[in-house]
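Student: Encoded as structure tokens, here's the structure I'll be asking about.
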Amino acid sequence: MRHFRKILLAFCVLWGTGLNASTHEQLSDSLQQALAQTADPRQRVALLLNLKDLNEDSNLNLAYSIQLFREAAAVRDTYAMTMATVPILAQYAPYPEKADSLDRYIRDLRELTPGTPEEGMDAYAEMAVTYYRQDNEYDRKKALELAHKIVAWCDDDSAHPDNVFHRVKRLMLKGHAGITIDYYEKGVKSAYVPQTKTWEEAYELTRQMPELVVRKNFANLVYFLLSGAYNQACDYAGQVRLTSDFIALIDSYYALEDRLQRRPYLYRDNSYVNPYRQLIRCAINVGRDDLIERNFAEFRQRMLNAEGENLVRNKTYIYELGYLWNGIRGHYDQSVLYCDSLMRMIDQGKGYFRMMPSKIYRVNRDRSVMLARAGRYDESYAGYERTAEVQDSIFSAERRERSETIRRRHDMDRLKLAETHALIRNRMAALFSFIAIGVLLLGTGVYYYVALRRNRRLQAAIARHNRKARESEHMKSIFIGTICRGIGQPLETIDQTSQKLMLADTGIGERLEMLGDIRENTDLLLSTLDNMLEAANLDSLTEQLQFEEADIDELCNAELLTASRLPHSGGVEYRIETPGTRCIVPTHAQYFSFVVRALLDNAAKFTSEGSITLRYETDPAANILRVSVTDTGCGIAPERQAEIFRPLSDGPVGSRGLSLSLCRIIAGHLSGSIRLDADYTGGARFIFTIPLKP
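Numbering-wise (the numbering used here), the sequence shown opens with residue -19 and increments by one.
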């Protein structure tokens, strides 16, 4: 890289600023040969940047700019990308068929420039493209349609990032579109003037841009429009103020040695042409010949200070500006002399006009006009004929270029279409393969999933059956134990009484009493067996019980009456507490009665005196029917409260009812619950609840 810089420095020293046409072409050829032999990406960018500058006024400038942008983007050289952007935008923007290419350039700038000194060039590119498209639309209807679209786009805050670059872009473009709208729709002849405030705001905003490279590009376009507004308003003071500031900006830009040392062949004088042109035009508008002479003399002196090829270029601008302002002042013969000098340079292929066909046409046309105004009609006629030939050749060249561009684009589209078809075929084949593989995998997955679910169901069924078997075994033990406890005492009583009956000295009265005891214990034994069989049947039940509406008051009174008639210790009072209204609840009446009976019998077992109270109440808010049996017996010790609902937890006293563990089973089948009220200490209180509405 150091060796390459030495070679480049030698080129600068040898050729410097005193390049003539011959050495200019030789240097360009030398750099092109070096480019062909260089593989280093950054060295190639440096060579392309110099080739672009050397060929600024040739047809090769665009080609070098395109190549420079592409290779600079590859190495993320945003400065070189920026320098290549301006000529690409100016050449491509007027042609709709170049829209895709321009979008690609803008996208690359948007992706690569953030965080660099060239940040904001994407906004400039959008601004320049839109400006050139509007400026080159000559159809009134299309121009108005485009102008309104631009205004709507500029007013849409969501379409633009909020920064100084995009604010300048929106102000500049909105004002430029306003020219078309004011001129065609409102009939305003000086259509630039109403946009003055908008462009002044945009120009002031450019001062907030941190980098001169970007600011100069933005300010250049805004200056062109704002200076035009001052010219139409004949505001020479405003024009001088604006132009002086812009020239100072250009001077500051070219003083950036750290950035411009990469560009030894940069042509700088052309940046000053438009500011002086605007000054002279404004002086003409205000009718000040002294200002015209002074500004043109200052411009001429600046341009003639150049050397070599740059001097030739500068003369082009001098001749152009000279014939224009002399023609405006009415000095037609002098204007024709400037035109002749300019056309000789054009014929020799010198100056920047050789790459701008529209200006070649305008020079020929203006020369013919000046000859006619000077009274030289024969020469004017010949000039018009030449102008027509130039126009035809320009239009033919443009048509050929456009046709060639369209043909190349058509060929590229056809190739892309073929590639797309091939890609679609490949993707379809890949898609079918993926689908086949996917179906196979899906089928395999479904098979394994179904098999896994079946295995899990089988395992769950096995576990369930094992659990049911264990529960059945456990319930058998409970059942047998409960039967033994429930029928043990009645059988013992029957056995003892039978033995007494067999004694010969037993009287008739005693025998009748014994027979009564046998009958009572036989009934108790049968009742216990019936209840236990019913509970066992309920425990093995898998279906939901069939509920019917039952009168709770009637069921409770019946069970209390039955319990109060059974033999029990004296001094025990049976009570019932009800809401006082009829209570109809959908439930299973038989099993509901069983639970109430069991709770009453359980209370009778442990209560020798006092009272046993059966109480029920409804709680509609909680959807609960609450039944409680409260006794004043011995109660349940705290250490036994946790196990009273376990099997065989009742006391040894005989009972016709069910054990508390079976009561809990029945309560579960009735969608309810049963529990001991641990807060009650005056005996025992059991609370049985079922839903009012299932």
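No residue lacks a Cβ here, since even glycine has one placed at the ideal position from N, Cα and C.
Determine the burial state of K396: buried for a count of at least 16 other Cβ atoms within 10 Å of its Cβ, exposed for fewer.
Tutor: By the 10 Å Cβ count, K396 comes out exposed.
Student: Quick one: measure Cβ to Cβ for T178 and A199, integer angstroms, because I've assumed they're closer than 8 Å.
Tutor: Between A199 and T178 the Cβ distance is about 15 Å, and since that is not below 8 Å, they are no contact.
Student: Here's the rule I'm using: 16 or more other beta-carbon atoms within 10 Å means buried, otherwise exposed. How should A358 be labelled?
Tutor: Reading off the sequence shown, one finds Asp at residue 358, where the question assumed Ala. It counts as exposed.
Student: Who are the Cβ neighbours of L246 in its own chain at under 6 Å, not counting the five residues just before and after it?
Tutor: D33.
Student: Relative to the C-alpha of E273, which candidate in Y252, D581, R309, L291 has its C-alpha closest?
Tutor: Selected option, being the one with the closest Cα: R309.
Student: Just tell me which of P97, L201, M101 has its CA closest to the CA of Y85.
Tutor: Among P97, L201, M101, the Cα nearest to that of Y85 belongs to M101.
Student: Within 10 angstroms of its Cβ, does Q114 collect 16 or more other Cβ (buried), or is it exposed?
Tutor: Answer is buried; the Cβ neighbour count reaches 16.
Student: Among H568, T567, C536, G208, which residue has its Cα nearest to the Cα of R577?
Tutor: Closest option to R577, Cα to Cα, is C536.
Student: Under a Cβ-count criterion, where at least 16 other Cβ atoms within 10 Å of its own Cβ denotes burial, should T661 be classed as buried or exposed?
Tutor: Exposed, by the Cβ-count rule.
Student: Report the residue ranges of all beta strand (DSSP E) runs contained in full by the stretch 28 to 56; include only those spanning at least 3 residues, in chain order.
Tutor: Within the stretch 28 to 56, no complete beta strand (DSSP E) run reaches 3 residues.
Student: State whether the stretch 224 to 238 contacts the stretch 165 to 181, with contact taken as three or more CB pairs (one from each stretch) at a distance under 8 Å.
Tutor: Touching, no.
Student: In the DSSP assignment, find the unbroken beta strand (DSSP E) run with V607 in it and report its ends.
Tutor: Its beta strand (DSSP E) spans residues 604 to 611.
Student: Excluding the 5 residues preceding and the 5 following A664 in the sequence, name in chain order all residues of the same chain whose CB lies nearer than 6 Å to its CB.
Tutor: Cβ within range, chain order: D611, G615, I616.
Student: Three or more beta-carbon pairs under 8 Å between the stretch 20 to 37 and the stretch 69 to 83, yes or no?
Tutor: With the cut-off at 8 Å, the stretch 20 to 37 and the stretch 69 to 83 do not touch.
Student: Just mark E98 as buried or exposed, buried being the case when its beta carbon has 16 or more other beta carbons within 10 Å.
Tutor: By the neighbour-count rule (16 or more Cβ atoms within 10 Å), E98 is buried.
Student: Pick out whichever of R366, F625, N30 has its Cα sitting closest to the Cα of P244.
Tutor: Checking every option, the nearest Cα to that of P244 belongs to N30.
Student: In whole angstroms, what is the alpha-carbon distance linking C(-8) and L7?
Tutor: Note that C(-8) has pLDDT 43, beneath the 50 cutoff, so the model's placement of it is unreliable and the number below is only indicative. For C(-8) and L7, the distance between alpha carbons rounds to 10 Å.
Student: As a quick exercise: from L322, Y364, D137, S591, pick the residue whose alpha carbon is nearest that of G551.
Tutor: The shortest C-alpha separation from G551 is found at S591.
Student: How about N501 and T473: do their beta carbons lie closer than 7 Å?
Tutor: Result yes, Cβ atoms of N501 and T473 sit closer than 7 Å.
Student: Going by C-alpha to C-alpha distance, which of A132, D136, L124, T669 sits closest to G167?
Tutor: The option with the nearest alpha carbon to G167 is L124.
Student: Where Q23 and Q13 are concerned, what is the direct C-alpha to C-alpha distance, given to the nearest angstrom?
Tutor: When rounded, the distance between both Cα atoms is 13 Å.
Student: Leaving out five residues before and five after A53 in sequence, what residues of the same chain have Cβ atoms less than 8 Å from its Cβ?
Tutor: Hits under 8 Å: M61, D88, L92.
Student: Does the beta-carbon of G637 have 16 or more other beta-carbons within 10 angstroms, so that it is buried, or is it exposed?
Tutor: Note that G637 scores 43 on pLDDT, short of 50, meaning its location in the model is unreliable and no value can be drawn from it.
Student: In chain order, what residues of the same chain have a beta carbon less than 8 Å from the beta carbon of N116, not counting five sequence neighbours either side?
Tutor: If we look at N116 and ignore the five residues flanking it on each side, its Cβ neighbours are A73, P74.
Student: Which term fits T400, buried or exposed, when burial requires 16 or more other beta carbons within 10 angstroms of its beta carbon?
Tutor: Result: exposed.
Student: Which residues mark the beginning and the end of the alpha helix (DSSP H) in which E91 is found?
Tutor: Note, E91: alpha helix (DSSP H), 79 to 92.
Student: Identify whether R545 lies in helix, strand or coil by the three-state DSSP scheme.
Tutor: Three-state DSSP puts R545 in a helix.
Student: Based on Cα-Cα distance, which residue from Y297, D346, D119 lies nearest to M325?
Tutor: It is Y297 whose Cα lies nearest to the Cα of M325.
Student: Looking at the structure shown, is S138 part of a helix, part of a strand, or coil, going by DSSP?
Tutor: Residue state, collapsed to three classes: helix.
Student: Please confirm if the stretch 596 to 609 is in contact with the stretch 618 to 627, defined as three or more CB-CB distances below 8 Å between the two stretches.
Tutor: No contact exists between the stretch 596 to 609 and the stretch 618 to 627.
Student: Among Q258, A658, K196, T567, which one has its Cα closest to the Cα of R248?
Tutor: The option with the nearest alpha carbon to R248 is K196.
Student: Below 8 Å on the Cβ atoms is my contact criterion, and I expect M152 with A182 to pass it. Report the Cβ-Cβ distance as a whole number of Å.
Tutor: Confirmed, about 5 Å.
Student: Within the continuous alpha helix (DSSP H) that includes F198, where are the two ends?
Tutor: Taken as a continuous stretch (DSSP letters only), the alpha helix (DSSP H) holding F198 covers 192 to 212.
Student: Give me the Cα-Cα distance between P141 and F49, rounded to the nearest whole angstrom.
Tutor: Each residue's alpha carbon lies about 24 Å from the other.
Student: Give the C-beta separation of D599 and T558 to the nearest angstrom, bearing in mind that I take them to be a contact with Cβ-Cβ under 8 Å.
Tutor: Not quite, the Cβ-Cβ distance comes to about 15 Å (not below 8 Å), so this is no contact.
Student: From Y303 to D320, what distance separates their C-alpha atoms?
Tutor: If you take the alpha carbons of Y303 and D320, they lie about 9 Å apart.
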